[in-house]
Structure formats: structure tokens, C-alpha cells
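Let me begin by presenting the structure, written as C-alpha cells, before commenting on it.
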Amino acid sequence: MQIPFLNLKPQHQMLKDQIMDIVSEAIDNTAFVGGKNVNGFEEDFARFCGTSHAIAVNSGTDALRFALLAAGLQPGDEVITTPNTFIATTEAISQAGGKIVFVDIDERTDNIDVEKLATEVEKRVKSSNRLKGILPVHLYGQMADMDPILEIAQKYGLFVIEDACQAHGALYQKNGESHKAGSMGLAGAFSFYPGKNLGSCGEGGAIVTNNADLAQKAKMYRDHGQSQKYYHDFEGFNGRMHAIQAGILKLKLKYLPEWIENRRQNAALYGQLLKDIEGVIFPQEPEWSKGVYHLYVIKVKNRDDVQKKLAEKGISTGLHYPIPLHLQNAYKHLGYKKGDFPVTEKHAEQLLSLPMFPELTKEEIEYVVSTLKKIIHG
Ligand SMILES: Cc1ncc(COP(=O)(O)O)c(C=O)c1O
């Protein structure tokens, strides 16, 4: 059996005719930038996230960068995030002029450790007084513990921008309330890279917010700082979403709840089967999160060997992420060293992302788990 890590073919085969209609209409109307597709997708995506605004941009990286700038980040301001994320999270901080500060992840959730966050915030407020924001990442599609993060932020006057690039539709549930990923902080950033739970046929991203001022500024950042054509209040970027991608995303958004449900069922089956295999740590949903399983990440000893043997049996897997950001060459200048973030470093050696996509079948999941069991226990 050959099992890909991700298979984008089924959804595109199913939607091919409708996608071709969107492309064809854009060509007939020569409508490539802005217009009804972009406006329509923004309206639908804001409704999906439970926010009053969505601003469609060209990537998740743009969404993070514009959100940070629109939140008022100034050169040299510090922003806290975790070292177990894709580099786009921290690129956005640096490219918005900020300084990256890392806090380790929680052993159980892989998201920011809120106790270590509180300690770091107190330390920074006393020492540098340049701390301006917290950038929690809802990694793998599972919500970071937002209530304590928002409490810490409120106590010290910090903004919170959520990196929800892997978490479209994830829910934070506490005290009888329920909030969608991206809707709890000052703003949330999403990616529509093709492999994401909601993916374009190219690149795409969005900022969501309930703050009208931030929404207005983010719109200007994506369009050269223009308040109206050729009136530039500040320098911005060319970060507009393409109209064809917006049309495709508007179409795919209708299917997203069903795709999320399929991912949840796949995760439940993985969990049911993996619990009998000693030596495998599998994702446990924290009580506050209803995840969307963008990735299904287990932890195993001798990970590289296990990954190689799975590949020999036709099973493709991924690593998210094998080298923590504080140990990347790109961040040598930050002065962090091995040992600074022990949970992230330990997980980086053990983590293994199993195949996960909505159309994965029961038989395929059973094959992955039984193969894994044979590899680990012979
Ligand atoms: C956690 C995280 N943040 C940011 C990004 C950046 O998104 P994009 O690739 O659309 O720029 C991604 C996706 O690659 C991501 O997974």
C-alpha cells in the first residue's frame, strides 16, 4: 500500500469544474485583483471565524506581518512566541521591525507554556521594557490556552496576535463559551497555502479582527499604504490576494466544516488504535481545545529510523519541525543556545507527522498503525 502524507487530488478532482468556471469568469471579465471574489470571500471568512472583519492577503506570512505592523509594532519592540513553529511566524516579527523572544512549549500540548510565558513577561517588563506583544501559535490545529495568555497580556498592556495559520475553525472552549481560532486576540492570521486545511490553488492568507482601526490599517499595509488611490499615508507592501484565489477559497470554504469533521474522525481512529502501542505518544486534545488536526503528530524514540522504515513500507510522513528555531543559523544573532528550551528540543528529536487529510480511509489508517507497531515492537 502507498500512503501519501497529504493528498490534494481528491478535493481538486471533486471541485475541478467549479474551479475552472471561476478561472474562466475571471478571464472573461479580466477581473484579477480585488472585486467581488475578494469581497465575497472576506465576508464569508469573517463570518466563519466569528469576527467583524477579514482582510484577504497574499500569504500567511503577509497576514502576520501586516497584523503586527497594524497593531503598532515599532522597531526594536519585543514579541514573544515559541521556537517550535514554522519560521514564517518569526520572520513576520523581524520583518515588522520587532525582536523575537522565545518561550518554551508545554510538554502536553506543543503550544506555548503559559506559566513560562508569565515568568518571561514579568522578566522582560522589568528588564527591557520593550515587550509589546504575544504571538501564540495554534500549532498542528490545536488551540493554545488563550484565557491565561489574554490575562497576562491585559495585565501588562500587551497585544495578542494569534498565528492561526494551521487552525482554521479550531475552537477554544472554556466556562461554557466557545471561540474560533483567530477571533480572541487583537487579530488572527491565517494561511491558505495549498496544503493547509483551507488551501488555495497558489498562495493566500487572511487577517481577521474585531478591531475596525486594525482592519483599516491592515488593508492599507496590503496595498502600498494607500488610503485612496495614489494617496499613501505610509509605505506598505503589495500583499493583495488574487481574485481567482479568492473565488476558489470562497468555494472551498463551504466544504471546510465537512473536511474538518473528517480530519477529526481520522484523528479519533488514530488515537483509538495508537493507545495500544507502548512507546508512542499520540496527540491528546487539551480540555479547552476542539482541534482541526491540520497535522497529526506523534512522538517516538529513534524517530529517524522509524520514519525510514515507514517509508520503506510505502508510508510518507513529515517532520514539524526537526530543528527548533532558536537553533537555526538564521537566529544565531539572538544568542540562544542548545538547552534553552528543553521541551521543544526533546520534541524536535521525537516528533513524527503521520499521514493526515480528510479523504484518508479507515484501511489506510489501520495500515499505518499496524506497520508502526511492527516497526517498534517487531
Ligand atoms: C504556523 C505557521 N505560521 C505561518 C505560516 C505562513 O503561511 P504562508 O506559507 O501562507 O506564508 C505557516 C504556513 O506555512 C504556518 O504553518
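In the working numbering, each residue carries its 1-based index in the sequence shown increased by 70. Ideal placement from N, C-alpha and C gives every residue a C-beta, glycine not left out.
(message) Any heavy atom of ligand 1 inside 7 Å of the beta-carbon of Cys-271?
(response) For the purposes of this step, residue 271 is taken as residue 201 along the sequence shown, with counting starting at 1. Incorrect: Cys-271 has no Cβ contact closer than 7 Å to ligand 1.
(request) Return yes when at least one heavy atom of ligand 1 lies under 7 Å from the C-beta of Gln-354, else no. (result) Start at 1 with the first residue of the sequence shown, and residue 354 comes out as number 284. It does not: the Cβ of Gln-354 is nowhere closer than 7 Å to a heavy atom of ligand 1.
(message) In chain order, what are the residue ranges of uninterrupted alpha helix (DSSP H) at least 4 long that sit wholly in the segment 190-240?
(response) 216-226
(request) Within 10 angstroms of the Cβ of Phe-229, are there 16 or more other Cβ atoms? Answer buried if so, exposed if not. (result) For the purposes of this step, residue 229 is identified with residue 159 of the sequence shown, where counting begins at 1. By the neighbour-count rule (16 or more Cβ atoms within 10 Å), Phe-229 is buried.
(message) Any heavy atom of ligand 1 inside 7 Å of the beta-carbon of Cys-119?
(response) Looking up residue 119 in the sequence shown gives position 49. Flag unset: Cβ of Cys-119 not near ligand 1.
(message) Using the three-state DSSP reduction, which class does Thr-431 fall into: helix, strand or coil?
(response) The residue given as residue 431 occupies position 361 in the sequence shown. Collapsing the DSSP output to three states places Thr-431 in coil.
(message) On the CB-based measure, 16 or more other CB atoms within 10 Å of its CB, does Pro-425 come out buried or exposed?
(response) The count along the sequence shown starts at 1 and reaches residue 425 at position 355. By the neighbour-count rule (16 or more Cβ atoms within 10 Å), Pro-425 is buried.
(request) List in chain order: all unbroken alpha helix (DSSP H) runs of 4+ residues lying wholly within the segment 383-420. (result) 412-420
(message) Can you tell me whether Asp-215 sits near ligand 1, meaning its C-beta is under 7 Å from at least one heavy atom of the ligand?
(response) The residue you call residue 215 lines up with position 145 of the sequence shown. Answer for Asp-215: no, Cβ out of range of ligand 1.
(message) With DSSP as the reference, identify every bridge partner of Ile-277, one or two as the case may be.
(response) Within the sequence shown, residue 277 is the residue found at index 207, counting from 1. Ile-277 has Ile-125 and Ala-259 as its beta-bridge partners, per DSSP.
(request) Return helix, strand or coil for Glu-185, following the three-state DSSP convention. (result) The residue labelled residue 185 in the question sits at position 115 within the sequence shown. Three-state result, Glu-185: helix.
(message) For the beta strand (DSSP E) containing Leu-108, name the first residue and the last one.
(response) Within the sequence shown, numbered from 1, the residue matching residue 108 stands at position 38. In the sequence as displayed, the identity of residue 108 is Val instead of Leu. Looking at the DSSP string, Val-108 is not in any beta strand (DSSP E); the run it does join, the alpha helix (DSSP H), is 106-119.
(message) Is the separation between the beta-carbon of His-123 and that of Ala-116 shorter than 8 Å?
(response) The sequence position of residue 123 within the sequence shown is 53, counting from 1. The sequence position of residue 116 within the sequence shown is 46, counting from 1. Yes, the Cβ-Cβ distance between His-123 and Ala-116 is below 8 Å.
(message) Check whether the segment 133-152 and the segment 102-118 touch, using three or more Cβ-Cβ pairs below 8 Å as the test.
(response) No, the segment 133-152 does not touch the segment 102-118.
(request) Provide the residue(s) that pair with Ile-150 in DSSP beta bridges, ordered along the chain. (result) Position 80 of the sequence shown, counting from 1, holds the residue named residue 150. In the DSSP assignment, the residues bridged to Ile-150 are Val-171 and Ile-204.
(message) Using only CA atoms, which one of Ile-393, Gly-361 and Glu-247 lies nearest to Leu-421?
(response) Position 351 of the sequence shown holds residue 421. Residue Ile-393 is the option with its Cα nearest to Leu-421.
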